[in-house]
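Below: one structure, written as structure tokens.
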Amino acid sequence: MKVAWQLWMQLFRRMPVLIAIANVLRLAALYFAFRWLGGATKMAPLAAIFFVMATWIWHIGQGYGLRSLCVPESFLLPQFRRRLLEYGAIDIGMWVLMPTLFAVVLRAPYLPLVASGFMLLAAIGLMMGCNRRAGLLIWPVFVLFGWMPTLFAELMKSALQSPLTPLLLLATAALLLKLSITPLLRIEDRETDASPLESTSFGRMQTRSAPGEPRRTGALGKRIAALYDRASQRAMDRALNAYKQHPTASRRMVLVRRLLLPHDNPEAIALRIALVAIIVGFYFFAVMHRQHFNPVIIGAYSIMLSMSRFPQLNIGMTRMRPNMADLYLTLAPQTQAEYQKTVSDALLVLVPISMLTALVYTVMGAALVHADDPWHMLFVAAIVSVSASLAALAIHMIGPEGTTGRTFVNFVLIFGVMGVYWGGYWLVDVAGYLIGGGTLTLVTLGFSLGAWFAAQREYQLRPPRFDAPIG
Amino acid sequence: MSASNLATVTPLASAPLYESALLPVLQVRGLEKSFKKRQVLKALDWSVPPGRVIGLLGRNGAGKTTLLRCLLGLSPIDGGAIELFGELMLEPGGERMHRIGFVPQTFDLFPWMKIRAYLDFTAAFYTRWDAALVNRLLNDWELDPKQKIGELSQGQRQKLAIVRAIAPDPDLLVLDEPVASLDPQARRAFMGELLALMRAPGKTVIFSTHITADLERADADIALLRDGSIQFTRPLAELRERLKRVVFTRPDGWMHAPAVAGALKTHVLGEQAVLLVEDPVTESLQAFAERENASVHIETPTLEDLFVELA
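So the protein lines, in turn, are chains U and D.
The number in the numbering used here is simply the position in the first sequence, starting from 1, with 192 added.
The number in the numbering used here is simply the position in the second sequence, starting from 1, with 164 added.
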């Protein structure tokens, strides 16, 4: 029990906010369940929804915690795997058996289905926390749901009646658990660390590897990483040769960019776009059943994809700090502000890159869905992506370093940008390209330029930091 | 002449008997390990008896860290077999884990945890855990239990890793350059703790280091890793007794290094020819010097000299 307690405590130490949210949701579920018990049957769906959310969030946290815990050195702890198994059993007791008993007391219908559903839900949460790529496995369900809704509804109806469904759910849960946990329990040689500022389009989320956590890359991932590495090496060689021939300030800046942003050279950008095209193609396949496409959603999604680079920049710059001391000494600036300006100027290249990728993604989206007015989409995307990228760069450059603050900023930025795209699309639709587009440009660019200059000034006032982040 | 010749030399009668009836703590046979196309360990054989301090020496990139990690199952192997406490080490697991302590080369784990929380977490797994020793060492080594690991310097992290490794009173302690980041006081204190640990019967320590003075202080057996295999494992006293640095000096200098029986390494420095000779016969060396119109000087090399010559 000592070990289980310590493992449980890990969650609170590592992700206090997430765990607090999960527990609040669980309490809410309990409250509504008691109301249900008291006779308010209308509270049943609320109790179920809150519990589903609590289970899902809690197990995402468990998965994330497990990811950071399963480093090779941990396997030297006596009976480590067995202790994890015991801890898993306690978790099942708390999140599957106890709620099932409660459901028995409440005389809830479909009890075996409910119990196996709890199990599957926990497995999905765990999988999403500990193995991001395994999260793709739930896509086929959505494809089926969207592509053949009638068939899906029929399947669901039959499944509710079938005695085999709980077994199927349990088997699925077992499969998901195996797929998520097995890679973590495998001891492998540590992969070479990638640049904290890499951008391969795989790690779309800001939750990248935890400190000390080994990189876990599959065979395909390794091949693609090698392609990126070769492209960055070639770009660096070209920049070096150009600088050797004519050592100008602009070529020096290119060198700094090649070092800081290894995957933001033309070749790597092309590769990234190609990879995203494949992912978008899959997404299109998932939604191709739809008869009418909302161009605003397609456009907003394209902008959102291109904007996903900036959260990576925030966390990447923090993790890059110890390496930046070397760059500082190499650049030998006259003042710290000069160095800070060099860095911020180097990062500014992300704005045109982000705009370019947004436009390419919009073209792809428009072509895939045969949009009625692709120029309209492109026009708004061009204006919004420039402004949004500039604002995102500004905010992430001086923004919060903590996970909670960063997550909040990301949500605000992503939903804000999608909202602006939506509004901009409507404005151009109503007021035309000249008036609507002009107003949109004036408002968004005015805001983002203001944010950028303010952020740049603030960044230059700050002393450079070279200390390693705590974790 | 190669250092590997040393491996074939019969140990002196006074040396500890490796062929003793005691079961080796560690037995490695034909260990192979590659990273991509680079082979680091090549058919490595090694046997470590209980109750000894083994200093693993090798140049940078020789594969010391890889070997130590393979021994503990922290790095998958490509071939061969490793037995730890008489059981095959396919993966780290089983009761024997209670008997093993490990200090990695760099400790960059769990930076978000506080020292006390990390030690409590670790202690929960062990049946033996010397809490008094932990508290004493934290106090002596000025580690604040409330401080986060991420806030510690490299040296402090290394101290923490050492505390964590010796707290379960392990029978086998594996240390990968444990003193590299320690200040002289901390290094001395660590060596004191290590020697105290070694006073208990049956305790074995394997540690890689470049600080040869520590190995001399611990009177360690020296294992040399070179070219992907252990060239020899022999007590330091035996090495120093049998290997001598022989310096021939003559004003005319040397066109070629002189050929002397038992020479393991030779090089010429101006008017001096310097040889590392195993079991030198003083009379024959003097006779050779007279013939060559040279003077001869025989000295006992330091461990660092031996390392420079052999590694």
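Glycine included, C-beta positions come from ideal geometry on N, C-alpha and C.
Under 8 Å between the Cβ atoms of D:Gly227 and D:Ala475?
Here residue 227 of chain D refers to the residue found at position 63 when the second sequence is read from its first residue. Here residue 475 of chain D refers to the residue found at position 311 when the second sequence is read from its first residue. No. Outside cutoff.
Curious, which full-length alpha helix (DSSP H) runs of at least 4 residues does the region 383–447 of chain D contain?
With a minimum length of 4 residues, the continuous alpha helix (DSSP H) runs that stay inside the region 383–447 of chain D are 400–406.
With distance defined between alpha-carbon atoms, name the residue in U:Ala647, U:Pro439, U:Gly413 and U:Met569 nearest to U:Ile489.
The residue labelled residue 489 of chain U in the question sits at position 297 within the first sequence. When each option's Cα is compared against that of U:Ile489, the closest is U:Met569.
Who are the Cβ neighbours of U:Phe337 in its own chain at under 6 Å, not counting the five residues just before and after it?
Working through the first sequence from its first residue, we reach residue 337 of chain U at position 145. Excluding sequence neighbours, U:Phe337 sits near Phe344.
Do we get a CB-CB distance below 8 Å when we pair D:Pro309 with the residues of chain U?
The sequence position of residue 309 of chain D within the second sequence is 145, counting from 1. So no, D:Pro309 is outside the interface.
Can you name the residues of chain D whose CB is closer than 8 Å to the CB of U:Glu265?
As a position in the first sequence, residue 265 of chain U is number 73, starting the count at 1. What U:Glu265 touches in chain D: Leu238, Phe266, Pro268 and Leu273.
Just the Cα atoms here: how many angstroms apart are U:Gln532 and U:Ala524?
Residue mapping note: residue 532 of chain U aligns to position 340 of the first sequence, counting from 1. Residue mapping note: residue 524 of chain U aligns to position 332 of the first sequence, counting from 1. The alpha-carbon atoms of U:Gln532 and U:Ala524 are separated by roughly 12 Å.
Between the Cα of D:Pro332 and those of D:Leu208, D:Thr286 and D:Ile394, spot the shortest distance and give me the residue it belongs to.
Here the question's residue 332 of chain D lines up with position 168 in the second sequence. Answer by Cα proximity: D:Thr286.
Looking at the structure shown, is D:Leu238 part of a helix, part of a strand, or coil, going by DSSP?
Your numbering for residue 238 of chain D matches position 74 in the second sequence. Coil at D:Leu238, not helix or strand.
Measuring only the C-alpha atoms, how far is U:Ser350 from U:Phe224?
For this step, residue 350 of chain U is matched to residue 158 along the first sequence. For this step, residue 224 of chain U is matched to residue 32 along the first sequence. Near 29 Å, if we compare the C-alpha coordinates of U:Phe224 and U:Ser350.
According to the neighbour-count rule (16 or more other Cβ atoms, all chains shown, within 10 Å of its Cβ), is D:Met261 buried or exposed?
The count along the second sequence starts at 1 and reaches residue 261 of chain D at position 97. When all chains shown are included, D:Met261 counts as buried.
Which two residues bound the contiguous beta strand (DSSP E) that contains D:Trp210?
Translated into positions along the second sequence, residue 210 of chain D becomes position 46. Counting along the chain, the beta strand (DSSP E) containing D:Trp210 begins and ends at Arg202 to Val212.
How about U:Asp381: is its C-beta nearer than 8 Å to some C-beta of chain D?
Within the first sequence, residue 381 of chain U is the residue found at index 189, counting from 1. Yes, its Cβ sits closer than 8 Å to a Cβ of chain D.
Can you check which of these residues, U:Phe607, U:Arg464, U:Met340 and U:Leu313, is closest to U:Leu548 by C-alpha distance?
In the first sequence, residue 548 of chain U corresponds to position 356, counting from 1. Nearest of U:Phe607, U:Arg464, U:Met340 and U:Leu313 to U:Leu548, Cα basis: U:Arg464.
Can a CB atom of chain D be found closer than 8 Å to the CB of U:Gln353?
Along the first sequence, one-based indexing puts residue 353 of chain U at 161. Cβ-Cβ to chain D under 8 Å: no for U:Gln353.
For D:Ser459, write down the residues that DSSP places opposite it in a beta bridge.
Reading the second sequence from its first residue, position 295 is the one you call residue 459 of chain D. Answer by DSSP bridge pairing, in chain order: D:Thr413.
Look at the alpha carbon of U:Ala460 and the alpha carbon of U:Val446, and state the distance between them as a whole number of angstroms.
Here residue 460 of chain U refers to the residue found at position 268 of the first sequence. Here residue 446 of chain U refers to the residue found at position 254 of the first sequence. The straight-line gap from Cα to Cα measures roughly 15 Å.
Apply the 10 Å Cβ neighbour rule to D:Ala185 and answer buried if 16 or more other Cβ atoms are within range, or exposed otherwise.
Numbered from 1 along the second sequence, position 21 holds the residue referred to as residue 185 of chain D. A caution first: D:Ala185 carries a pLDDT of 47, below 50, which makes its placement in the model unreliable, though a value can still be read off. Per the 10 Å Cβ criterion, exposed.
For D:Arg381, which of D:Arg390, D:Ala360, D:Glu454 and D:Pro422 has the nearest alpha-carbon?
Counted from its first residue, the second sequence places residue 381 of chain D at position 217. Out of D:Arg390, D:Ala360, D:Glu454 and D:Pro422, D:Ala360 has the C-alpha closest to the C-alpha of D:Arg381.
Whole-angstrom Cβ separation of U:Leu377 and U:Arg273, contact assumed at under 8 Å?
As a first step, residue 377 of chain U must be located in the first sequence, where it is residue number 185. As a first step, residue 273 of chain U must be located in the first sequence, where it is residue number 81. Indeed, because the Cβ distance is near 6 Å, the residues count as touching under 8 Å.
Using a Cβ-Cβ distance cut-off of 8 Å, determine whether D:Thr256 contacts chain U.
Here the question's residue 256 of chain D lines up with position 92 in the second sequence. According to the sequence as given, residue 256 of chain D is Pro; it is not Thr. At least one chain U Cβ lies under 8 Å of D:Pro256.
Is it buried or exposed for D:Gln349, if we count other Cβ within 10 angstroms and need 16 for buried?
Numbered from its first residue, the second sequence carries residue 349 of chain D at position 185. Exposed is the call here.
Let me see if you follow: with CB-CB separation under 8 Å, is U:Phe204 close to chain D or not?
For the purposes of this step, residue 204 of chain U is identified with residue 12 of the first sequence, where counting begins at 1. No, U:Phe204 does not count as interfacial toward chain D.
Please confirm whether U:Phe502 and U:Ala434 have their CB atoms less than 8 Å apart.
Within the first sequence, the letter at position 310 stands for residue 502 of chain U. Within the first sequence, the letter at position 242 stands for residue 434 of chain U. No, they are not a contact pair.
So D:Glu126 is in the beta strand (DSSP E); what residue range does that whole segment cover?
Missing from the structure shown is residue 126 of chain D; chain D here goes from 165 to 475 and no further.
Can the beta-carbon of U:Leu389 be found closer than 8 Å to that of U:Met512?
For the purposes of this step, residue 389 of chain U is identified with residue 197 of the first sequence, where counting begins at 1. For the purposes of this step, residue 512 of chain U is identified with residue 320 of the first sequence, where counting begins at 1. Yes, the Cβ-Cβ distance between U:Leu389 and U:Met512 is below 8 Å.
How would you list, in chain order, the residues of chain U whose beta-carbon sits under 8 Å from the beta-carbon of D:Phe289?
Looking up residue 289 of chain D in the second sequence gives position 125. Per Cβ cutoff of 8 Å: Val195, Leu269, Pro270, Gln271, Phe272 and Arg275.
Taking only three categories from DSSP, how would you classify U:Ile741?
A query on residue 741 of chain U cannot be resolved here, the shown segment of chain U reaching from 193 to 663 and no further.
Which term fits U:Leu210, buried or exposed, when burial requires 16 or more other beta carbons within 10 angstroms of its beta carbon?
Position 18 of the first sequence, counting from 1, holds the residue named residue 210 of chain U. It is buried - the Cβ of U:Leu210 has at least 16 other Cβ atoms within 10 Å.
Which of helix, strand or coil does DSSP assign to D:Phe266?
By 1-based counting over the second sequence, the position of residue 266 of chain D is 102. Of the three classes helix, strand and coil, the one that applies to D:Phe266 here is strand, per DSSP.
Under 8 Å, with one C-beta from each stretch per pair, do the region 352–359 of chain D and the region 193–205 of chain D reach the 3-pair mark?
Counting Cβ pairs under 8 Å, fewer than three are found: no touch.
Strictly under 8 Å for the Cβ-Cβ distance: is D:Thr397 near chain U by that measure?
Numbered from its first residue, the second sequence carries residue 397 of chain D at position 233. Chain U contact via Cβ: absent.
With which residues is D:Phe199 paired in a DSSP beta bridge?
On the second sequence, position 35 is the one that residue 199 of chain D refers to. According to DSSP, which records beta bridges pairwise, D:Phe199 is partnered with D:Arg202.
Considering only their Cβ atoms, is the gap separating D:Val189 from D:Phe249 smaller than 8 Å?
One-based indexing of the second sequence puts residue 249 of chain D at position 85. One-based indexing of the second sequence puts residue 189 of chain D at position 25. Closer than 8 Å, so yes.
According to DSSP, which residues form a beta bridge with D:Phe354?
The residue you call residue 354 of chain D lines up with position 190 of the second sequence. BP columns for D:Phe354 are empty, so no partner.
Would D:Pro213 and D:Gly366 qualify as a contact pair, given that the criterion is a beta-carbon distance under 8 Å?
For the purposes of this step, residue 213 of chain D is taken as the residue at position 49 of the second sequence. For the purposes of this step, residue 366 of chain D is taken as the residue at position 202 of the second sequence. No, these two residues do not count as a Cβ contact at 8 Å.
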